Amino acid sequence: MNIAVADIETAPPSPRQLMEQALAPHLLLGMPHLTPSGLSETWLMKELGHRHWLMLALELGMDNADFRTPEGDEAYAAICATSLESQGLSDIRANDVLSIRSDLVAVSRTRFESRHRLYCGSRCVGRAALLSTFVSRHGNGNRSIARTMVAGSPSLRSVQPSLLIDLSAALKAGCFDRFSGLEAPANPPPAMTFTPSASQEFNGAGLFYFAEFQALADRAFEHWQGNVAEPLATSSRHVSFAGNIEPGEPVSVALVRRSADGLSTADHLLGSDGRLLAVIVTNRLGCRSPHVRKG
Numbered sequence: 089m090n091i092a093v094a095d096i097e098t099a100p101p102s103p104r105q106l107m108e109q110a111l112a113p114h115l116l117l118g119m120p121h122l123t124p125s126g127l128s129e130t131w132l133m134k135e136l137g138h139r140h141w142l143m144l145a146l147e148l149g150m151d152n153a154d155f156r157t158p159e160g161d162e163a164y165a166a167i168c169a170t171s172l173e174s175q176g177l178s179d180i181r182a183n184d185v186l187s188i189r190s191d192l193v194a195v196s197r198t199r200f201e202s203r204h205r206l207y208c209g210s211r212c213v214g215r216a217a218l219l220s221t222f223v224s225r226h227g228n229g230n231r232s233i234a235r236t237m238v239a240g241s242p243s244l245r246s247v248q249p250s251l252l253i254d255l256s257a258a259l260k261a262g263c264f265d266r267f268s269g270l271e272a273p274a275n276p277p278p279a280m281t282f283t284p285s286a287s288q289e290f291n292g293a294g295l296f297y298f299a300e301f302q303a304l305a306d307r308a309f310e311h312w313q314g315n316v317a318e319p320l321a322t323s324s325r326h327v328s329f330a331g332n333i334e335p336g337e338p339v340s341v342a343l344v345r346r347s348a349d350g351l352s353t354a355d356h357l358l359g360s361d362g363r364l365l366a367v368i369v370t371n372r373l374g375c376r377s378p379h380v381r382k383g
């Protein structure tokens with residue numbers, strides 16, 4: 089049986105119309121969105137990152153998400169911190185409908201934070217937040233990336249407190265007081281080194297994509313745990329980004345904290361020259377702690 093999908097449009101929608109359509113809250117889930125542990129965290133963060141960009145473009149009154157510096161150079165809304173809390177993402181299955189309710193707030197002149205509430209039916213199954221800052225290249229290569237202003241930046245609206253700025257700064261400073269049950273390992277395992285694929289794990293801006301950092305931490309965890317046969321679901325994950333890499337550059341994952349049962353970890357991701365790229369704190373289902381303390 090052949091199934092034809094009729095295209096009744098005589099002309100394609102405008103980019104702005106498509107941006108608005110891409111922010112529709114309801115998604116029918118299938119294999120591209122799932123893992124054996126439920127909803128794919130990597131897919132989810134890519135989707136939320138895309139929505140973050142589109143909301144920024146609409147906030148700036150743009151017809152598409154082509155951010156530019158005042159001098160006309162290409163600019164990017166670089167994700168500099170993320171937080172994900174699961175309240176049932178591991179229960180999601182094929183043919184479920186995921187609903188994403190999102191808000192965008194200004195937390196400074198150049199930084200915006202998107203906040204996302206995730207529903208399956210009427211049940212809230214998770215919450216996420218992404219913090220971005222505008223950047224552009226100031227030379228050759230990804231190490232020349234630096235903060236910038238963008239053309240058409242609005243005058244500051246009412247700035248709201250950020251959920252992520254303080255947590256991100258604390259993680260970069262090596263302060264894990266907001267988490268319970270994480271201790272420095274007496275005999276840490278050797279760091280794991282990976283070379284990300286230039287054709288699969290870098291985005292259209294030529295940057296190692298923010299949503300791929302966590303995958304490296306999980307690969308290292310699975311190796312340290314002995315390649316666990318049953319995939320574990322993420323209960324919460326908090327990431328502070330500090331840098332990027334060039335295509336072909338290896339990344340090392342070093343364990344700096346873990347819980348007594350070994351399932352909750354804090355990792356440093358390091359570039360080939362030892363510079364800090366990211367700090368990642370992960371709590372996996374089945375462990376009792378740590379949880380971010382409220383207040």
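Residue numbers (our numbering): 89 to 383. Heads up, the beta-carbon is just placed ideally off N, CA and C, and yes, glycines get one too. Keep in mind that this is a model prediction, so the values were computed, not measured.
Between the beta-carbon of residue i and the beta-carbon of residue j, is there less than 8 Å?
{"i": "Ala385", "j": "Arg266", "result": "Missing from the structure shown is residue 385; the chain here goes from 89 to 383 and no further."}
{"i": "Leu117", "j": "Ala216", "result": "no"}
{"i": "Glu201", "j": "Leu177", "result": "no"}
{"i": "Pro319", "j": "Glu300", "result": "no"}
{"i": "Ala163", "j": "Val327", "result": "no"}
{"i": "Val185", "j": "Leu132", "result": "no"}
{"i": "Ala239", "j": "Arg156", "result": "yes"}
{"i": "Glu173", "j": "Ser347", "result": "no"}
{"i": "Val195", "j": "Ser250", "result": "yes"}
{"i": "Phe264", "j": "Leu270", "result": "yes"}
{"i": "Ala303", "j": "Pro335", "result": "no"}
{"i": "Glu289", "j": "Phe298", "result": "no"}
Residue i lies in the beta strand (DSSP E); which residues open and close that run?
{"i": "Ala194", "result": "Val185 to Ala194"}
{"i": "Arg211", "result": "Arg211 to Arg225"}
{"i": "Leu111", "result": "Run containing Leu111: none; DSSP gives neither H nor E here."}
{"i": "Ser340", "result": "Val339 to Arg346"}
{"i": "Arg372", "result": "Leu364 to Arg372"}
Taking only three categories from DSSP, how would you classify residue i?
{"i": "Leu358", "result": "strand"}
{"i": "Pro319", "result": "coil"}
{"i": "Thr281", "result": "strand"}
{"i": "Phe298", "result": "helix"}
{"i": "Ser324", "result": "strand"}
{"i": "Ala166", "result": "strand"}
{"i": "Glu289", "result": "coil"}
{"i": "Asn152", "result": "coil"}
{"i": "Leu117", "result": "coil"}
{"i": "Ser125", "result": "coil"}
{"i": "Phe264", "result": "coil"}
{"i": "Ser377", "result": "Here the model assigns Ser377 a pLDDT of 35, short of 50, so the residue's position is not dependable, and the following value carries that caveat. Coil, per DSSP."}
{"i": "Asn332", "result": "coil"}
{"i": "Ser174", "result": "strand"}
{"i": "Leu304", "result": "helix"}
{"i": "Pro205", "result": "Residue identity differs from the one stated: residue 205 is Arg in this sequence, not Pro. In this structure, Arg205 counts as strand in the three-state DSSP scheme."}
Relative to the C-alpha of residue i, which residue among the options is closest?
{"i": "Ser246", "options": "Arg372, Leu192, Leu343 and Val238", "result": "Leu192"}
{"i": "Thr130", "options": "Pro338, Thr322 and Leu343", "result": "Thr322"}
{"i": "His356", "options": "Ser232, Ser287 and Pro277", "result": "Pro277"}
{"i": "Ala153", "options": "Thr98, Leu373 and Gly292", "result": "Gly292"}
{"i": "His311", "options": "Gly149, Leu364, Leu343 and Ser324", "result": "Leu343"}
{"i": "Leu351", "options": "Leu358, Val369, Arg363 and Pro338", "result": "Val369"}
{"i": "Gly77", "options": "Thr221, Ser220, Arg205 and Gly126", "result": "Residue 77 cannot be examined here, being either before or after the span of the chain that is shown, 89 to 383."}
{"i": "Arg307", "options": "Phe290, Thr353, Pro335 and Gln248", "result": "Thr353"}
{"i": "Leu127", "options": "Glu159, Gln105 and Ile180", "result": "Ile180"}
{"i": "Ala305", "options": "Gly160, Ala274 and Leu365", "result": "Leu365"}
{"i": "Ser210", "options": "Asn228, Gly314 and Arg189", "result": "Arg189"}
{"i": "His226", "options": "Leu111, Gly160 and Phe309", "result": "Gly160"}
{"i": "Ser232", "options": "Asn332, Arg104 and Arg203", "result": "Asn332"}
{"i": "Met150", "options": "Ser187, Gln105 and Ala279", "result": "Gln105"}
{"i": "Cys208", "options": "Gly137, Phe298, Ser125 and Ser187", "result": "Ser187"}
{"i": "Met237", "options": "Asn228, Ser224, Leu295 and Gln248", "result": "Ser224"}
{"i": "Asn275", "options": "Gly229, Gln288, Arg345 and Glu147", "result": "Arg345"}
Could you spell out the range, first to last residue, of the alpha helix (DSSP H) harbouring residue i?
{"i": "Arg197", "result": "No alpha helix (DSSP H) holds Arg197; DSSP gives it neither H nor E."}
{"i": "Ile253", "result": "Ile253 to Lys260"}
{"i": "Thr98", "result": "No alpha helix (DSSP H) contains Thr98, which DSSP labels as neither H nor E."}
{"i": "Thr236", "result": "Careful: Thr236 lies outside any alpha helix (DSSP H) and carries neither H nor E."}
{"i": "Thr157", "result": "Where Thr157 is concerned, there is no enclosing alpha helix (DSSP H), given that its DSSP letter is neither H nor E."}
{"i": "Arg139", "result": "Glu129 to Glu147"}
With a threshold of 7 Å (Cβ to nearest heavy atom), would residue i be considered close to the ligand MN?
{"i": "Ser328", "result": "Annotation note on the ligand MN: not contained in the displayed structure, which lists no ligands."}
Cβ pair count under 8 Å reaching 3, the stretch 148-164 against the stretch 117-127: no
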